[in-house]
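Protein chains in written order, with the working numbering: chain A, 982 to 1224; chain B, 4 to 260.
No residue lacks a Cβ here, since even glycine has one placed at the ideal position from N, Cα and C.
In this text the structure is predicted, and so the values were computed from the model without any measurement.
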Amino acid sequence: MKSLSTPHRHRGKLIIVEGIDGSGKSTQISLLSRWLRSQGYAVAFSEWNSSPLVRQTTRRGKKKEMFTPTTFSLIHATDFADRTERYILPLMRAGAIVCADRYAYTAFARDVARGVNRQWVRNLYSFAIRPNIAFYFRTPLDVALSRILGGRDALKYYEAGMDLKISRDVEESFKVFQGRILQEYEDMIEEMGFHVIDATQSIEDQQKQMRAVVKREIGRSLRTQVLRAPVLEQNPEHASGAR
Amino acid sequence: MALAKSLKPLECYGEPPAGVDTANLSGKLIVIEGADAVGRSTQIVQLRQWLEHEGHAVLDTGMARSALAGKGIARAKEGNTLGPVTMTLYYATDFADRLENEIIPALRAGFIVLTDRYIFSIMARAIARGEDPAWIENVCGFGLVPHAVYYLKARVKDLVSRVVIGKGAFDYWESGMDYHFGADMYESFVHYQTKLIGALDKMSSRYGFTEIDARKSPGEIFSELRGHITELNIRKVNGAARPVPIPAPKSRRAAIA
């Protein structure tokens, strides 16, 4: 089972985004998926940590602060497995474009930052389908921090790595933890073949670059393999899309 | 983990769980493994009574009993949408929670931990459903090597009669109906349990199980288990030197106090 390291053979396409909290990746994948949808492609969306089968367990564990690095890692892998088996894989086989906000690489960065063995977590996710395109939103730590700390009132316990007892100060803990995650992402770029997007650029510039990568990497097979609603096909050349 | 058998008790098969100190564990970890309906829980009840009577503190635990994931697994099994990888990892989560929060603390405190199934059943179920053995073995590598694994070994036809006579009906999951191994529940049970037993048999030599013939009567199995456990040389309490007959509930309470 080495599917994450070998290209898949499904009709559909898998596009994923990665980056630390506050990198702007969710905004960008949302724009990209709407652009693809506006061209009539069958587009599905899968978010990290969203399996209905696992949700209550995760919520319970977080609320009661029951997680260890190992159980935190395993429950997220369980969530990911459920989304893969029930949603991502069948849709990919049917010919959809699946856009995922965070993917196995989130676990590779985050769980390792929590002290989980690097090889163990890589093996854990080896059943994952290899993405056609993986975007990594590179953000300097201070930029991401100002976005996060400015936008929300309270940092969450696990998000700030409070379980690691780095510091009693939530903000300080968050900085150290996110810094470790950032380093893990940076170290993965080559190994995983990330397309690096400079996330300090304007939203428009980042989106332009993403669309160019999509056209270059999978443009041809989009036209021939991916499911597309014939009705919506007016003039694909000018369907710039993002509403 | 090619040398699984040569590892010492209470070492980890692979990498230890992150941030967990597995040094200085003074208890004993005893695993009862075997297919469904083979009589594991009956034995565990009796073993616990006997060990407590001997003055040992006992923790008994088993699959899907964790505070974290037990309920979630039960809920997931009620639906019809639990995929094989998801199920495997849900059980691994459950096991990790019990290992870190129950088993290891109990071992540190010098308890005897009796566990109804272990990583081997998680692995066997995954392998029976066609998952890669190397994958699941690595996932479960944070497990501690037990002092002993007693494998209640049965043939499929024994299981069939136990299920039909004992329970009166085939269970959906015990029959592997999520995978439809056969046209009906009986056929699926036979095919699925054959695969499970095959996987456990393979693990038996790889992990050094002690095999016990599950066709024997519960009493015979119990005395066999008691004999094996006595050989583990668990520290004696107050000169309670020899195994005693299964104690009545009253004396058990006295032993706990």
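| Item | Value |
| --- | --- |
| Start and end residues, alpha helix (DSSP H) containing Ser1154 (chain A) | 1151-1173 |
| Minimum Cβ-Cβ distance from Asp1002 (chain A) to chain B less than 7 Å | no |
| Range covered by the alpha helix (DSSP H) that runs through Phe123 (chain B) | 122-131 |
| Beta-carbon neighbours of Asn1104 (chain A), restricted to chain B and to distances below 8 Å | Trp138, Asn141, Val142 |
| Ala1077 (chain A) versus Val148 (chain B) - alpha carbon distance | 45 Å |
| Validate contact between the region 175-186 of chain B and the region 50-69 of chain B using beta carbons, cut 8 Å, 3 pairs | no |
| Cβ shell of Lys8 (chain B) (< 7 Å), same chain only, five flanking positions each side left out | Arg209, Tyr210, Gly211 |
| Reference Pro1211 (chain A); option with closest CA among A:Trp1016, A:Ile997, A:Ala1023 | A:Ala1023 |
| Minimum Cβ-Cβ distance from Ala5 (chain B) to chain A less than 7 Å | For Ala5 (chain B), the predicted model reports a pLDDT of 48, less than 50, meaning its position is unreliable and no value from the coordinates is stated. |
| Among B:Lys198, B:Val166, B:Arg158, B:Tyr189, the one whose alpha carbon lies nearest that of Glu214 (chain B) | B:Arg158 |
| Sub-7 Å separation of Ala21 (chain B) and Pro1050 (chain A) beta-carbons | yes |
| Residues near Val991 (chain A) in its chain [Cβ-Cβ closer than 6 Å; skip 5 each side] | Strictly speaking, residue 991 (chain A) in this sequence is His, with Val absent from that position. So the list reads Met1073, Arg1074, once near-sequence residues are dropped. |
| Sheet register partners of Lys156 (chain B) (DSSP bridge) | B:Asp216 |
| Beta-carbon proximity check, Glu1066 (chain A) vs Gly86 (chain B), cutoff 7 Å | yes |
| Any C-beta of chain B under 7 Å from that of Glu1028 (chain A) | no |
| Of the residues A:Leu1130, A:Lys1156, A:Phe1118, A:Asp1150, the one placed nearest Ile997 (chain A), counting alpha carbons only | A:Phe1118 |
| Below-7 Å beta-carbon distance, Ser1221 (chain A) vs any chain B residue | Only weak support is given to the placement of Ser1221 (chain A): the predicted model assigns it a pLDDT of 45, under 50, and the question is left unresolved by the model. |
| Short CB-CB distance (under 7 Å) between Pro1050 (chain A) and chain B | yes |
| Rounded C-alpha distance that separates Gly133 (chain B) from Asp174 (chain B) | 20 Å |
| Contacts of Met1047 (chain A) in chain B (Cβ-Cβ under 9 Å) | Ala70, Leu71, Asp100, Asn104 |
| Buried versus exposed, by CB contacts within 10 Å (16 or more), Ala1135 (chain A) | exposed |
| CB contact below 7 Å: Phe1108 (chain A) versus chain B | yes |
| is_contact[Leu92 (chain B), chain A] using C-beta, thresh 7 Å | yes |
| Burial state of Gly222 (chain B), where buried means 16 or more other Cβ atoms lie within 10 Å | exposed |
| Nearest-angstrom beta carbon gap, Ala109 (chain B) and Leu62 (chain B) [assumed within contact, 8 Å] | 4 Å |
| Beta-carbon proximity of Tyr1106 (chain A) to Ala1085 (chain A), cut-off 7 Å | yes |
| Ile107 (chain B), enclosing alpha helix (DSSP H) - first and last residue | 107-111 |
| Contact with chain B by Leu1055 (chain A), beta-carbon distance below 7 Å | yes |
| Test item: CB-CB of Ile1129 (chain A) and Gly1003 (chain A) under 7 Å | yes |
| Proximity test, Cβ basis, 7 Å: Val1097 (chain A) and chain B | yes |
| Option nearest Asn236 (chain B) by Cα separation, candidates B:Ile115, B:Arg165, B:Thr91, B:Val34 | B:Ile115 |
| Short CB-CB distance (under 7 Å) between Thr1038 (chain A) and chain B | yes |
| is_contact[Ala1025 (chain A), chain B] using C-beta, thresh 7 Å | no |
| Rounded distance between the beta-carbons of Ser191 (chain B) and Gly179 (chain B), thought under 8 Å | 5 Å |
| Environment of Leu83 (chain B) [buried if 16+ CB atoms lie within 10 Å] | Residue identity check: residue 83 (chain B) is Asn in the sequence provided, not Leu. Its Cβ having fewer than 16 others within 10 Å, Asn83 (chain B) is exposed. |
| Continuous beta strand (DSSP E) assignments of at least 3 residues falling wholly in the region 1107-1154 of chain A | 1114-1119 |
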